[in-house]
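**Q** Right, I'll just put the structure down here and ask away after.
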Amino acid sequence: MKSLFKLFERLGHKDIFDSQLNEAQHNLPFIRQCSKEFSSWIALAFIIALLGGVLQIVTFDFLGELVDWLDTSGDRAQLNGKGVDLAIIAIAIAIVIPTITLGKNLVFHQLLGPNLQKNTIIKLYRTLIGSPASYHEEDDPGSTAIVIVDTSEAIIDVVLQFCGFAGFLLAFLGALLFYVGNIDGWLILPFLIWTSVFLALLFWQWIPKAKVTNRLEAESCAEITGKFTERFARIRTVKMLSNKEYEQKFVEKWATRHRRVVAKEYRVFSNFASMTGLLNGILVVGTGALCLKLWMDNSISIGEFSMVLALVYRVISLSEWCQDEFDAFFVSWGQVTVGRELINEFLEDVELFEEEGKFNVTRGKITFKNVEFAYENKAPLFTDLSLKIKAGEKVGIIGPSGAGKSSILNMLSGIDEIEEGAIYIDGKNIEDFSTNGVCSEISFLNQDIGLFNQSIFENIAFGLNNVSRESVRQALEKANALEFVQSYEDTRGRQGLCAFIGENGGQLSGGQRQRLALARAILRDKKILLLDEATSALDPDLKAQFIATLKTLMKGKTVISIAHSYDVLTMMDRIIEIKDGKIARDGKPIDIL
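Using full-length UniProt numbering, you'd call the opening residue of the sequence shown number 1 and step up by one each time.
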């Protein structure tokens with residue numbers, strides 16, 4: 001069986017690296033985009049579910065005939081003539097139905113389940129990661145990450161629930177009406193009335209309300225999960241500044257908000273379940289009375305009588321299954337809506353990766369021409385910024401807090417989008433290329449180091465393809481970090497380059513984190529190097545080593561450095577002072593400092 005499972009898991013594996021999502025106004029087009037590689041398999045899953053529904057009615061038909069044979073055979077020996085029929089029934093129940101069930105599970109759970117989720121996660125992530133950094137900085141990153149995973153799971157649930165449940169229900173009810181109609185035309189009436197009223201309650205009473213409440217529940221889940229994720233991600237701040245009473249109020253506030261939303265969702269479900277229970281009771285009484293009347297009139301046999309009543313109770317259990325399945329379906333549907341709207345919100349500013357690799361820096365000449373920039377809903381930070389930096393020139397930027405020093409670096413790398421003017425690198429307008437393409441030609445060394453809870457190797461080689469362990473070791477050695485890396489061991493016993501360093505390098509000291517950032521910049525080895533308070537976390541001894549390494553790293557590169565450190569600024573060729581959105585002074589370090 002394990003080999004069979006692996007076979008179907010491989011059948012569903014598809015490479016979709018170049019696939020990204022487009023804006024969708026409704027959930028169905030959005031789901032089709034996410035699952036388009038699997039359309040033929042989804043159709044097969046629906047057909048298998050149809051077969052399951054039909055076979056269940058056929059089984060009831062067989063059992064009804066068996067009851068009639070037992071009722072009409074005065075002598076047990078007379079059943080010997082039914083041997084072939086009994087063998088067919090046995091084969092259908094013992095072999096055919098289990099085989100179809102196995103096929104359904106293979107297609108649903110081995111082929112579609114894991115592969116559809118993987119592809120959906122890739123599409124959602126690639127679409128959202130291309131949007132401007134400002135969007136993610138304004139939003140809760142924990143909520144965005146959770147929406148990606150939850151939406152991928154919800155799309156699987158919607159597809160599988162629709163194929164499995166809707167396909168089965170359609171076939172079952174169709175075969176049911178055909179079967180009881182063949183027994184007696186009057187028997188269609190109670191089932192037809194039940195089906196009509198049930199579908200009316202479903203589509204006009206429950207579904208419209210469930211769509212709203214389940215969407216609100218999905219939004220509430222994303223919000224509260226994001227709040228908790230943010231809390232635990234900043235656990236040191238919580239421990240230092242917060243207290244038990246404050247955290248109790250925090251969790252009660254968000255748990256109470258979520259409770260109100262969930263209570264509304266369950267009210268809708270309970271109301272529908274109550275009305276369905278009343279409808280089921282009427283079906284039992286009405287069908288039972290009609291069957292009794294037809295049997296007394298010799299219009300139906302005892303076997304048909306018993307099987308129709310058995311089908312009534314199967315319909316009742318099916319209606320209860322309906323409630324659970326539709327409730328789960330619309331919970332998933334609400335989550336799909338949340339994911340689709342998040343994609344639509346970002347999509348206008350999404351930068352596809354098609355331009356990646358086309359941007360190439362050979363010299364490192366930088367030009368800001370009449371640049372205007374402002375953060376959203378704020379006054380302009382720069383109104384007419386013009387600046388030229390020669391290839392290989394080292395420029396330090398100073399100025400008061402909030403003057404826009406870091407914004408210059410962010411505009412140059414394309415992370416912050418300018419409103420007017422242009423920025424050129426080697427004569428190429430960076431707006432003609434993706435942010436990813438521009439950043440791939442720049443080395444960064446920031447105060448906010450940006451480490452991940454991954455191995456040291458993965459952190460140093462982040463964003464680079466096909467990096468060897470030896471090249472990472474060499475970069476660590478140049479950054480004076482190899483010694484501590486080789487002796488480092490994480491809480492799970494992983495050592496050296498394989499050791500994990502915690503969220504944002506939380507298991508390391510500030511100096512160790514800064515040296516890893518330096519090793520990352522050394523490994524990238526680009527023509528342009530951007531420094532933003534790169535020595536802020538270092539003690540005097542480490543700072544001296546760091547600056548010595550930095551001098552070597554800067555050779556042959558265009559450097560822009562934001563620093564308060566006199567030692568770093570004196571290594572620059574020029575110093576530019578930014579004040580009130582303009583260049584207040586521009587000259588040699590000896591004249592400015």
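C-beta atoms are modelled at their ideal positions from N, C-alpha and C, and glycine is treated no differently.
Who are the near neighbours of GLY556 in its chain, counting only those whose CB is closer than 7 Å to its CB and skipping five residues on each side?
**A** Counted from its first residue, the sequence shown places residue 556 at position 556. Excluding residues within five positions, the ones whose Cβ falls inside 7 Å are GLY392.
**Q** Ends of the alpha helix (DSSP H) at ARG494?
**A** The sequence position of residue 494 within the sequence shown is 494, counting from 1. From DSSP, ARG494 is part of no alpha helix (DSSP H); its letter is neither H nor E.
**Q** Scan the stretch 17 to 58 and note each continuous alpha helix (DSSP H) run of 4 residues or more that stays entirely inside, going in chain order.
**A** Entirely contained in the stretch 17 to 58, the alpha helix (DSSP H) runs reaching 4 residues are, in chain order, 27 to 35.
**Q** Rounded to whole angstroms, how far is the Cβ of PHE359 from the Cβ of VAL371, which I believe are closer than 8 Å?
**A** For the purposes of this step, residue 359 is taken as the residue at position 359 of the sequence shown. For the purposes of this step, residue 371 is taken as the residue at position 371 of the sequence shown. PHE359 to VAL371, Cβ: 19 Å. No contact.
**Q** Distance, Cα to Cα, ILE560 vs ASN243?
**A** Working through the sequence shown from its first residue, we reach residue 560 at position 560. Working through the sequence shown from its first residue, we reach residue 243 at position 243. Roughly 43 Å separates the two Cα atoms.
**Q** Quick one: which unbroken alpha helix (DSSP H) runs of 4-plus residues sit fully inside the stretch 184 to 211? Chain order, please.
**A** 188 to 200, all fully within the stretch 184 to 211.
**Q** Near VAL262, which residues of its chain fall below 7 Å by C-beta distance, leaving aside the five closest residues on each side in sequence?
**A** In the sequence shown, the residue the question calls residue 262 occupies position 262. These residues qualify, in order along the chain: GLU217.
**Q** Does DSSP classify PHE8 as helix, strand or coil?
**A** Your numbering for residue 8 matches position 8 in the sequence shown. Helix.
**Q** According to DSSP, which residues form a beta bridge with PHE162?
**A** For the purposes of this step, residue 162 is taken as the residue at position 162 of the sequence shown. Answer by DSSP bridge pairing: none, since PHE162 is not bridged.
**Q** Just to check my reading of the structure: PRO190 and GLY281 have Cβ atoms closer than 8 Å, yes? What is that Cβ distance to the nearest angstrom?
**A** Here the question's residue 190 lines up with position 190 in the sequence shown. Here the question's residue 281 lines up with position 281 in the sequence shown. With 8 Å as the limit, PRO190 and GLY281 do not qualify as a contact, their Cβ atoms being about 12 Å apart.
**Q** Can you look up ALA479 in the DSSP assignment and give me helix, strand or coil?
**A** Taking the first residue of the sequence shown as position 1, residue 479 is located at position 479. ALA479: coil per DSSP, three-state reduction.
**Q** Assign GLU419 to one of two classes, buried (16 or more other C-beta atoms within 10 Å of its C-beta) or exposed (fewer than that).
**A** Looking up residue 419 in the sequence shown gives position 419. With fewer than 16 Cβ atoms within 10 Å of its Cβ, GLU419 is classed as exposed.
**Q** In the structure shown, what three-state DSSP assignment does SER443 receive?
**A** Taking the first residue of the sequence shown as 1, we reach residue 443 at position 443. Strand at SER443.
**Q** So, LEU111 versus GLY12, is the Cβ gap smaller than 7 Å?
**A** One-based indexing of the sequence shown puts residue 111 at position 111. One-based indexing of the sequence shown puts residue 12 at position 12. Yes. Within cutoff.
**Q** Compute the distance between the beta-carbons of VAL147 and GLY303, then report whether it is under 7 Å.
**A** The residue given as residue 147 occupies position 147 in the sequence shown. The residue given as residue 303 occupies position 303 in the sequence shown. Cβ distance not < 7 Å, so VAL147 and GLY303 don't count as in contact.
**Q** Based on the DSSP secondary-structure assignment, which residues constitute the bridge partners of PHE373?
**A** Against the sequence shown, residue 373 aligns to sequence position 373. Partner(s): PHE382.
**Q** With GLY581 as the anchor, note down where its alpha helix (DSSP H) starts and where it stops.
**A** If you number the sequence shown from 1, residue 581 lands on position 581. Run containing GLY581: none; DSSP gives neither H nor E here.
**Q** Assuming contact is defined by CB atoms lying nearer than 7 Å, are GLU533 and GLN447 in contact in what I supplied?
**A** For this step, residue 533 is matched to residue 533 along the sequence shown. For this step, residue 447 is matched to residue 447 along the sequence shown. In contact: GLU533 and GLN447 (Cβ atoms closer than 7 Å).
**Q** Short of 7 Å in beta carbon distance, which residues of its chain neighbour LYS388, apart from the five on each side in sequence? Order them along the chain.
**A** Within the sequence shown, numbered from 1, the residue matching residue 388 stands at position 388. Result list for LYS388: THR367, in chain order.
**Q** In whole angstroms, what is the alpha-carbon distance linking residue 652 and SER332?
**A** Past the edges of the chain, shown from 1 to 593, lies residue 652, and the structure says nothing about it.
**Q** Under the assumption that residue 672 contacts LEU187 (Cβ atoms under 8 Å), give the Cβ distance between them as a whole number of angstroms.
**A** Since the displayed the chain opens at 1 and closes at 593, residue 672 lies outside it and no answer follows.
**Q** So what does THR558 bridge to, in DSSP terms?
**A** Translated into positions along the sequence shown, residue 558 becomes position 558. Paired residues: ILE528.
**Q** GLY399 and LYS405 - do their beta-carbons sit closer together than 7 Å?
**A** Counting from one through the sequence shown, the residue named residue 405 turns up at place 405. Counting from one through the sequence shown, the residue named residue 399 turns up at place 399. Yes, they are a contact pair.
**Q** Grab me the residues of ALA24's own chain with a C-beta within less than 8 Å of its C-beta, minus the 5 sequence neighbours each way, in chain order.
**A** As a working mapping, residue 24 is identified with position 24 in the sequence shown. Contacts found: PHE30, GLN33, ARG340, ILE343 and ASN344.
**Q** Three-state secondary structure (DSSP) at GLU420?
**A** Looking up residue 420 in the sequence shown gives position 420. Three-state DSSP puts GLU420 in a strand.
**Q** Could you tell me the distance, in whole angstroms, from the CA atom of GLN56 to the CA atom of THR101?
**A** Translated into the one-based positions of the sequence shown, residue 56 becomes position 56. Translated into the one-based positions of the sequence shown, residue 101 becomes position 101. Taking the straight line from one Cα to the other gives about 12 Å.
**Q** So, for LYS227: in the same chain, excluding its five sequence neighbours on each side, which residues have a beta-carbon less than 6 Å away from its beta-carbon?
**A** Your numbering for residue 227 matches position 227 in the sequence shown. Taken in chain order, the residues that qualify are TRP254.
**Q** Rounded to the nearest angstrom, what separates GLU431 and ALA273 at their Cα positions?
**A** Here residue 431 refers to the residue found at position 431 of the sequence shown. Here residue 273 refers to the residue found at position 273 of the sequence shown. Computed Cα separation, rounded: 57 Å.
**Q** Assuming the contact rule is C-beta atoms closer than 8 Å, LYS123 and LEU241 should be a hit. Round their C-beta distance to whole Å, please.
**A** The residue you call residue 123 lines up with position 123 of the sequence shown. The residue you call residue 241 lines up with position 241 of the sequence shown. The pair is not a contact, with the Cβ atoms about 40 Å apart (cut-off 8 Å).
**Q** How many Å lie between GLY421 and LYS582 at the Cα?
**A** Taking the sequence shown and counting its residues from 1, the one referred to as residue 421 is at position 421. Taking the sequence shown and counting its residues from 1, the one referred to as residue 582 is at position 582. Near 15 Å, if we compare the C-alpha coordinates of LYS582 and GLY421.
**Q** What residues match up with ASP586 in a beta bridge as DSSP calls it?
**A** Residue 586 sits at position 586 when you count from the first residue of the sequence shown. For ASP586, which the question treats as bridged, DSSP gives the partners ILE576.
**Q** Leaving out five residues on either side along the sequence, give the residues of the same chain with a beta carbon under 8 Å from the beta carbon of ILE42.
**A** Indexing the sequence shown from 1 puts residue 42 at position 42. Closer than 8 Å at Cβ, skipping near neighbours: SER35, LEU112, VAL159 and CYS163.
**Q** Under 7 Å Cβ to Cβ from ILE442, same chain only, skipping five residues before and after it: list those, please.
**A** If you number the sequence shown from 1, residue 442 lands on position 442. Only SER413, LYS526, ILE528 and LEU530 meet the Cβ criterion.
**Q** According to DSSP, PHE368 sits in a beta bridge with which residue or residues?
**A** Against the sequence shown, residue 368 aligns to sequence position 368. Answer is LEU387 and ILE423.
**Q** In the DSSP assignment, the alpha helix (DSSP H) including GLY506 goes from what residue to what residue?
**A** As a working mapping, residue 506 is identified with position 506 in the sequence shown. Element bounds for GLY506: n/a, residue is neither H nor E.
**Q** So the candidates are GLY587, THR535, ASP61 and ILE547; which of them puts its Cα closest to the Cα of HIS564?
**A** Reading the sequence shown from its first residue, position 564 is the one you call residue 564. Closest by alpha carbon: THR535.
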